[in-house]
Amino acid sequence: MLTAFAILIDGLVYAAYLFIVAVGLTLIFGVMKILNVAHGSFYTFGAYGAATAIGIYFDRGLPDAGGFLLMAVFAMILGLAIGLILERGVMRLVYGRDEVVMVLVTYAAFLILEDVVILVWGPGSYATYQPLLAAGSTEIGALILSNYDLGLIAAAALLAAASWWALKFTRYGRLLTAVIFDRETAAAFGINVTAVYTITFVIGAMLGALGGAIMAPKIAVTLGIGVEVIVLAFAVVAIGGMGSIEGALVGALIVGICRAAAVHLVPQVELFVIYGVMALVLMIRPYGLFVRAQPRRI
Amino acid sequence: MFNRGSSRGRAPAWSWLLASLLGLATIPAQAQNAPSSATTIKLGIVSFLTGPAAAPFGIPGRNGAEVLIEAMNAGTVPAPFNKVGFGGSSVEAKYIDETGSAANVVTEFRNLVQRDQVDAVIGYISSGNCLAVTPVAEELKAITVFYDCGTPRIFEEKPRAYVFRVSPQSTMDNVAAARYLLAKKPDVVSYSGINQNYAWGQDSWRDFTGAMQVLAPKVTVDKSLFPKLFAGEYGAEISTLLTSKSQVLHTSFYDGDLEAFLYQEQARALDKRMTILATTAEAAMWRLRDKLPDGTLIGGRGPNGPLAPDTEFNRWFKKIYTDRYSIPPTYPAYQMAMSLLGLKMAYEKARKGDAKPTSDEVAAAFKGIEFEGPSGVVKLAIGDGHQGISETAYGTYRFNKTKNEPEIVDIMRFPAECVNPPAGVTADDWIKDGMKGAKC
Numbered sequence: 168m169l170t171a172f173a174i175l176i177d178g179l180v181y182a183a184y185l186f187i188v189a190v191g192l193t194l195i196f197g198v199m200k201i202l203n204v205a206h207g208s209f210y211t212f213g214a215y216g217a218a219t220a221i222g223i224y225f226d227r228g229l230p231d232a233g234g235f236l237l238m239a240v241f242a243m244i245l246g247l248a249i250g251l252i253l254e255r256g257v258m259r260l261v262y263g264r265d266e267v268v269m270v271l272v273t274y275a276a277f278l279i280l281e282d283v284v285i286l287v288w289g290p291g292s293y294a295t296y297q298p299l300l301a302a303g304s305t306e307i308g309a310l311i312l313s314n315y316d317l318g319l320i321a322a323a324a325l326l327a328a329a330s331w332w333a334l335k336f337t338r339y340g341r342l343l344t345a346v347i348f349d350r351e352t353a354a355a356f357g358i359n360v361t362a363v364y365t366i367t368f369v370i371g372a373m374l375g376a377l378g379g380a381i382m383a384p385k386i387a388v389t390l391g392i393g394v395e396v397i398v399l400a401f402a403v404v405a406i407g408g409m410g411s412i413e414g415a416l417v418g419a420l421i422v423g424i425c426r427a428a429a430v431h432l433v434p435q436v437e438l439f440v441i442y443g444v445m446a447l448v449l450m451i452r453p454y455g456l457f458v459r460a461q462p463r464r465i
Numbered sequence: 009m010f011n012r013g014s015s016r017g018r019a020p021a022w023s024w025l026l027a028s029l030l031g032l033a034t035i036p037a038q039a040q041n042a043p044s045s046a047t048t049i050k051l052g053i054v055s056f057l058t059g060p061a062a063a064p065f066g067i068p069g070r071n072g073a074e075v076l077i078e079a080m081n082a083g084t085v086p087a088p089f090n091k092v093g094f095g096g097s098s099v100e101a102k103y104i105d106e107t108g109s110a111a112n113v114v115t116e117f118r119n120l121v122q123r124d125q126v127d128a129v130i131g132y133i134s135s136g137n138c139l140a141v142t143p144v145a146e147e148l149k150a151i152t153v154f155y156d157c158g159t160p161r162i163f164e165e166k167p168r169a170y171v172f173r174v175s176p177q178s179t180m181d182n183v184a185a186a187r188y189l190l191a192k193k194p195d196v197v198s199y200s201g202i203n204q205n206y207a208w209g210q211d212s213w214r215d216f217t218g219a220m221q222v223l224a225p226k227v228t229v230d231k232s233l234f235p236k237l238f239a240g241e242y243g244a245e246i247s248t249l250l251t252s253k254s255q256v257l258h259t260s261f262y263d264g265d266l267e268a269f270l271y272q273e274q275a276r277a278l279d280k281r282m283t284i285l286a287t288t289a290e291a292a293m294w295r296l297r298d299k300l301p302d303g304t305l306i307g308g309r310g311p312n313g314p315l316a317p318d319t320e321f322n323r324w325f326k327k328i329y330t331d332r333y334s335i336p337p338t339y340p341a342y343q344m345a346m347s348l349l350g351l352k353m354a355y356e357k358a359r360k361g362d363a364k365p366t367s368d369e370v371a372a373a374f375k376g377i378e379f380e381g382p383s384g385v386v387k388l389a390i391g392d393g394h395q396g397i398s399e400t401a402y403g404t405y406r407f408n409k410t411k412n413e414p415e416i417v418d419i420m421r422f423p424a425e426c427v428n429p430p431a432g433v434t435a436d437d438w439i440k441d442g443m444k445g446a447k448c
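Chains as they are written, first to last, in my numbering: chain A, 168 to 465; chain B, 9 to 448.
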């Protein structure tokens with residue numbers, strides 16, 4: 168019973184982390200049909216931004232809640248800036264090109280941004296554990312849970328609810344849905360698709376940065392964290408379906424629970440299970456769980 | 009070209025030009041083995057300068073090289089290493105970042121040897137990179153000294169001619185870990201492990217569990233966890249350990265993984281439930297400080313850092329390093345220092361007159377040498393005289409709140425022949441065979 172409960176909680180924590188990172192990626196793909204490799208850089212910048220904020224704020228005797236807010240806001244401001252520079256400066260020049268070209272451009276951007284991180288923050292790693300330890304823990308039987316992890320689950324749930332509400336009940340959400348469904352028809356109806364692209368890309372960047380900020384207290388913030396997370400995010404998005412936010416949520420839950428179960432019960436397959444699940448889903452639903460095959464447009 | 013002179017057997021002019029050019033082209037290929045004037049010795053130093061392994065390993069290793077080479081060039085290293093540079097020739101170092109795929113690393117190695125014409129390469133932290141570079145070093149006949157990677161496989165797979173490793177292999181770390189654990193916690197009933205899922209982590213766990221099986225067969229293994237290298241998130245692993253019955257947790261985690269794991273486990277009080285045995289934590293203790301739990305059983309990949317013997321040589325090295333970098337040297341810096349000293353000794357032994365010795369001469373001189381450095385005495389006694397063994401030490405970590413600095417207490421030393429396999433026997437076979445011949 169305790170093991171089952173542990174698997175559930177661990178699965179939810181991992182799913183929350185994956186969802187926060189993957190939702191921005193799937194949003195950008197859904198609207199702009201770009202597989203954005205530079206999304207890993209948004210995550211990295213968010214983590215480094217949070218590390219900077221933690222270094223400024225914590226250990227000064229100020230209320231912890233302010234520190235959590237500062238981390239998130241600082242990271243999202245970085246995400247906004249980087250997203251805007253990348254979209255207006257680079258991406259808009261290659262819209263309409265072949266998809267492989269778009270992927271290569273985002274990969275080039277990713278490599279450049281990794282070097283920008285070294286220029287700004289240096290090659291060393293940053294320890295930013297203060298929010299994690301400040302949050303404390305909760306004991307349930309033999310299991311001790313980190314309150315930070317429980318907060319992570321709540322944050323992901325809030326983000327999922329906010330995304331759903333924004334898409335369904337706001338004007339921008341409806342415009343976005345129209346562009347996702349059919350870009351050309353949306354443009355023909357007078358929707359400013361270029362503005363939608365810019366706003367979507369920037370929101371995706373801010374969400375990626377937020378993911379990095381949230382994870383920063385749990386990891387050693389260092390180069391290479393973006394690479395690790397982008398591979399996982401791709402797997403989640405592939406399972407859920409490119410462009411589907413509810414798909415990203417379900418994909419994250421499936422990956423999280425399966426991985427947690429593997430670690431507890433069969434640790435030898437832990438590395439394989441994420442990609443095994445992805446392969447299984449794609450065999451049955453080649454476009455992911457929530458996306459149907461689209462007829463080719465001539 | 010087709011005149012009468014040519015028909016009578018005289019070579020045309022263009023063929024002489026071609027032969028001259030071909031002759032000139034062979035000179036670089038022979039440079040490694042042709043005696044040459046020894047005004048400067050060029051070394052390639054390869055270490056992680058960026059990425060997660062930089063701060064705890066790569067940069068201390070690089071710093072160790074930098075400060076020791078400066079001392080060598082000034083002739084201020086304690087005797088018998090007090091000759092300037094290598095045998096009177098100053099040493100010049102080129103530093104290369106080890107970050108990148110194995111293919112990148114091998115390319116950089118070839119660049120150092122073939123393009124930059126270095127006299128030797130000292131480097132490599134990743135066991136994967138060491139395994140990739142070894143056959144290339146042998147192919148190019150390039151003197152190569154691995155300074156940190158721990159896999160025993162390098163000299164067990166086949167004999168090597170030009171590759172050396174002064175630093176002891178990881179088998180020593182884990183056999184000593186088992187001995188220290190059983191000395192300090194003789195009542196342990198079961199233990200678990202969390203190690204990175206690649207050569208280093210797998211070999212570490214194999215050697216540790218093998219040693220425990222020989223020394224305490226009734227102690228059982230509970231959980232064997234192998235998360236991905238640089239996974240970063242260990243929530244499920246920590247839950248698994250919290251719900252287990254283990255009293256001890258073995259880990260060979262290093263750098264970012266070790267730090268992330270320790271922060272996450274402290275948030276959930278895992279170290280209050282079980283003792284952590286961290287074979288490489290010495291490299292992180294000055295960074296982690298009071299975040300490394302008191303009571304952690306700690307290793308330093310040999311007698312390095314606070315585990316090093318209290319000798320004049322060690323005190324000298326600690327002083328020059330701390331004066332320069334404002335932090336005491338950790339084990340990568342010691343390993344680099346010992347590797348450089350070993351190469352210097354071999355070079356000076358091989359050198360005759362002013363000419364640089366050839367790679368073959370240096371290799372012959374390097375084989376089987378024994379010397380004392382900041383980490384104590386090391387002898388290249390196994391791996392056909394290419395692999396070093398030394399004593400080692402383990403201790404218990406404590407953060408001294410009065411002095412506000414980390415320290416290691418309850419130090420136990422293990423002789424080299426107690427924790428290293430004898431010559432001619434692989435590490436795995438030695439452990440499986442009950443560690444026959446171990447002299448403790």
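By construction, the Cβ of each residue, glycine as well, lies at the ideal position given by its N, Cα and C atoms.
The beta carbons of residue 183/B and residue 219/B sit closer together than 8 Å.
Residue 227/A carries a coil assignment under DSSP once its states are collapsed to helix, strand and coil.
Taking a 10 Å sphere around the C-beta of residue 169/A, we find fewer than 16 other C-beta atoms and assign the residue as exposed.
Relative to the Cα of residue 309/A, the nearest Cα in the group 281/B, 105/B, 227/B and 132/B belongs to 281/B. For residue 262/A, no alpha helix (DSSP H) encloses it, and the DSSP letter there is neither H nor E. By the Cβ criterion, the segment 355-375 of chain A is in contact with the segment 244-252 of chain A, since at least three pairs of Cβ atoms, one from each stretch, lie closer than 8 Å. Within the segment 222-251 of chain B, contact with chain A at the beta-carbon level (separation under 9 Å) is assigned to 231, 232, 233, 234, 235, 236, 238, 239, 240, 241, 242, 243, 244, 245, 246, 247, 248, 250 and 251.
Looking at the DSSP output, residue 414/B shares a beta bridge with 407/B. Along the segment 425-459 of chain A, going in chain order, the ones with a CB nearer than 8 Å to a CB of chain B are 426, 427, 430, 431, 434, 435, 437 and 438. Ranked by Cα distance from residue 101/B, the options 71/B, 207/B and 89/B are led by 71/B. Assigned with DSSP and collapsed to three states, residue 255/A falls in helix. When 7 Å is used as the limit between beta carbons, residue 290/A is near these residues of chain B: 57, 58 and 62, in chain order. In this structure residue 413/B is exposed. Its beta-carbon is surrounded by fewer than 16 other beta-carbon atoms within 10 angstroms. Residues of the segment 173-207 of chain B that bring their beta carbon within less than 9 Å of a beta carbon in chain A comprise 205, in sequence order. Straight-line measurement puts the Cα of residue 75/B at about 7 Å from the Cα of residue 328/B. A direct Cα-Cα distance of roughly 18 Å separates residue 49/B from residue 84/B. For the pair residue 325/B and residue 56/B, the Cα-to-Cα distance works out to about 22 Å. Straight across, the Cα-Cα distance linking residue 233/A with residue 313/A is about 19 Å.
Taking C-alpha positions only, residue 153/B is separated from residue 283/A by approximately 33 Å. DSSP places residue 379/B inside the beta strand (DSSP E), whose first and last residues are 378-381.
Fewer than three beta-carbon pairs drawn from the segment 250-267 of chain A and the segment 323-335 of chain A are found closer than 8 Å, and the two stretches are therefore not classed as touching. Here the alpha carbons of residue 186/A and residue 225/B stand approximately 45 Å from one another.
For residue 274/B, the chain A residues whose C-beta falls within less than 9 Å of its own C-beta are 296, 299 and 300, listed in chain order. Rounded to the nearest whole angstrom, the C-alpha separation of residue 419/A and residue 204/A is 19 Å.
Apart from the 5 residues on each side of it in sequence, residue 340/A sits with its Cβ closer than 6 Å to the Cβ of 333 and 334 in its chain, given in chain order. Under the Cβ criterion (8 Å, minimum of three pairs), the segment 407-419 of chain A does not count as touching the segment 268-280 of chain A. Residue 438/A is not a Cβ neighbour of residue 193/B, given a cutoff of 8 Å.
CA-to-CA, the gap between residue 226/A and residue 60/B works out to about 25 Å.
Annotation: the continuous alpha helix (DSSP H) that includes residue 367/B extends over 367-374.
Note on geometry: alpha-carbon atoms of residue 308/B and residue 399/B lie some 12 Å from one another. One finds 243 in chain B with Cβ atoms closer than 7 Å to the Cβ of residue 180/A, taken in chain order.
If you check the CB distance, residue 284/B and residue 304/B come in under 8 Å. Between the segment 240-252 of chain B and the segment 152-171 of chain B, the count of C-beta pairs closer than 8 Å stays below three; the two stretches do not touch. If you draw a straight line from the Cα of residue 187/B to the Cα of residue 217/B, it comes to about 12 Å. Counting along the chain, residue 330/B sits inside no beta strand (DSSP E); it lies in the alpha helix (DSSP H) bounded by residues 320-333. Contact check for residue 405/A and residue 445/A: beta-carbon distance about 6 Å, within the 8 Å limit, so the pair qualifies.
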